[in-house]
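The numbering of the sequence shown is full-length UniProt numbering, which starts it at 1 and goes up by one.
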Amino acid sequence: MVTTSPPSDAPHDAGPAGPGGGLRERKKRATRMALRWAAVRLASERGLDNVTTEEIAAEANVSQRTLFNYFSSKEEVIVGDDPELGRHAASALRARPESEPPLQALKAVFVELSETMTVDGDLWRARMKIIHENPSLYPGLLGSSAGFVRELAGGVAERTGLDPERDAYPSLLVSVVMSAVRTTVQHHLSNGIERPVPELVAEALDQVMAGLPQPR
1 MVTTSPPSDA
11 PHDAGPAGPG
21 GGLRERKKRA
31 TRMALRWAAV
41 RLASERGLDN
51 VTTEEIAAEA
61 NVSQRTLFNY
71 FSSKEEVIVG
81 DDPELGRHAA
91 SALRARPESE
101 PPLQALKAVF
111 VELSETMTVD
121 GDLWRARMKI
131 IHENPSLYPG
141 LLGSSAGFVR
151 ELAGGVAERT
161 GLDPERDAYP
171 SLLVSVVMSA
181 VRTTVQHHLS
191 NGIERPVPEL
201 VAEALDQVMA
211 GLPQPR
């Protein structure tokens, strides 16, 4: 059994641009993270099939109706992304120096974003264990990232002067970076690697920028 417990302070669910927004947005992020903690905790203890949305809502001290305002199912509570995350990441990308190549700018954004995985390490490890034990969640995990890809691809398109509707490069670049980051994080969580996640993410993206040469 995996036991998880939320941090004592406000939940961490902001993108690389920081918490941002007003009180309403901060409360929405806090509710979303509370629901995710509740779902991960219950699924870790009982197995995903033995947990209901009603139980998740009760564990998070909200109504089931509130849960459905944020997520469409218990599976989405586990794998769904924060819709604000893509906007925060895109804003962080636009804030990078214009002289930076797109891949270098994306590296800086994802390294900063990976700091949340360090802060909420217990949650991320438990979440990935649940996904590993329930392969049916993988399509939802990939689908939930579609909006995130669109937001960042729009930022890459602005930096490169490309039309994302006509040129696949912005989406391709973001997808490659996300794949490298996801693989690195999963490897980290699955193997108990002690090095900091941001350091591993930076190293992985350096390898991508170098053309993925074969390690010595």
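A virtual CB, placed ideally from N, CA and C, is assigned to each residue, including glycine.
An exposed status is given to residue 183, since fewer than 16 other beta-carbon atoms sit within 10 Å of its beta-carbon. Residue range 102-113 is occupied by the alpha helix (DSSP H) that includes residue 111.
Contact annotation, residue 177 with residue 205: C-beta distance approximately 7 Å; criterion of less than 8 Å satisfied. Your pair residue 51 and residue 144 does not check out as a contact, with CB atoms roughly 19 Å apart and the cut at 8 Å. Inclusion of residue 53 and residue 67 in the CB contact set at 8 Å is warranted, their separation being smaller than that value.
Burial is judged here by how many other beta carbons sit within 10 angstroms of a residue's own beta carbon; residue 82 has at least 16 and is buried.
Contact between the segment 120-133 and the segment 55-71 is absent: fewer than three C-beta pairs spanning the two stretches fall below 8 Å.
By the criterion of at least three beta-carbon pairs nearer than 8 Å, the segment 186-203 is not in contact with the segment 85-99.
Bounds of the alpha helix (DSSP H) holding residue 69 are 64-70. In the DSSP assignment, residue 210 falls outside any alpha helix (DSSP H), carrying neither H nor E. Within the segment 128-200, the complete alpha helix (DSSP H) segments of 4 residues or longer fall at 138-144, 146-160, 169-191, listed in chain order. In the structure shown, residue 51 falls within a coil segment according to DSSP collapsed to helix, strand and coil. Secondary structure at residue 82: coil, using DSSP grouped into helix, strand and coil. Minimum Cα-Cα distance from residue 74 among the listed residues 135, 89, 48 corresponds to 48. When DSSP states are grouped into helix, strand and coil, residue 60 belongs to the coil group. The Cβ neighbour count for residue 72, taken over all protein chains shown within 10 Å, is under 16; the residue is labelled exposed. Check the Cα spacing between residue 116 and each of 155, 131, 134, 185: the tightest is with 185.
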